[in-house]
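Going by the working numbering, the first residue of the sequence shown is number -17, and it counts up by one from there.
For every residue, glycine included, the Cβ atom is placed at its ideal position computed from N, Cα and C.
As structure tokens, the structure follows; a few thoughts come after it.
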Amino acid sequence: YCREAPRAVSNLLSTPLCHDQFIELEGIEALNVAVQGQDKECIYAATLAYRKLAALSSNHVRIMETSVQVIIANLLRHECDVRTQLQAAITLTELASNEGMKLLCVGNGVLK
């Protein structure tokens, strides 16, 4: 179950039209739970979903409101597979692409 749900979400989020509804239905919070589990494939799929959301700057504020940047930074600090770390790094790169988000990332301890 855990593996398939984030995979399905990641596939759905390939279409930007799905982003608003996913966020409004508290989907980011569900990803936050999935990424903190033990299943490596589940963590990867959730991290990939974060990356797809972060690709649109219009999602950045709503992503940051759920502290995704802290969760993603923690993935980079701890041992996880290279694929997951790559998606996490791309997500942070996307979030730091505008000035306001850079300051929020730093303020939330992402650089620690």
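(request) In angstroms with no decimal places, state the Cα-to-Cα distance between N14 and L35. (result) 13 Å
(message) Using only the alpha-carbon positions, how far apart do I45 and N80 sit?
(response) 13 Å
(request) Could you have a look at T75 and say whether DSSP puts it in helix, strand or coil? (result) helix
(request) For the alpha helix (DSSP H) holding E61, just list the boundary residues, first then last. (result) No alpha helix (DSSP H) contains E61, which DSSP labels as neither H nor E.
(message) Is it buried or exposed, L(-5), if we count other Cβ atoms within 10 angstroms and call 16 or more buried?
(response) buried
(request) Give the secondary structure of D2 by DSSP, where H, G and I count as helix, E and B as strand, and everything else as coil. (result) helix
(message) To the nearest angstrom, how far is the alpha carbon of L68 from that of L38?
(response) 18 Å
(message) So for T48, helix, strand or coil by DSSP?
(response) coil
(request) Could you check which residue in A31, P(-2) and D2 has the C-alpha nearest to that of A(-10)? (result) A31
(request) Measure the C-alpha to C-alpha separation of S40 and Q20 and round it to an integer number of angstroms. (result) 31 Å
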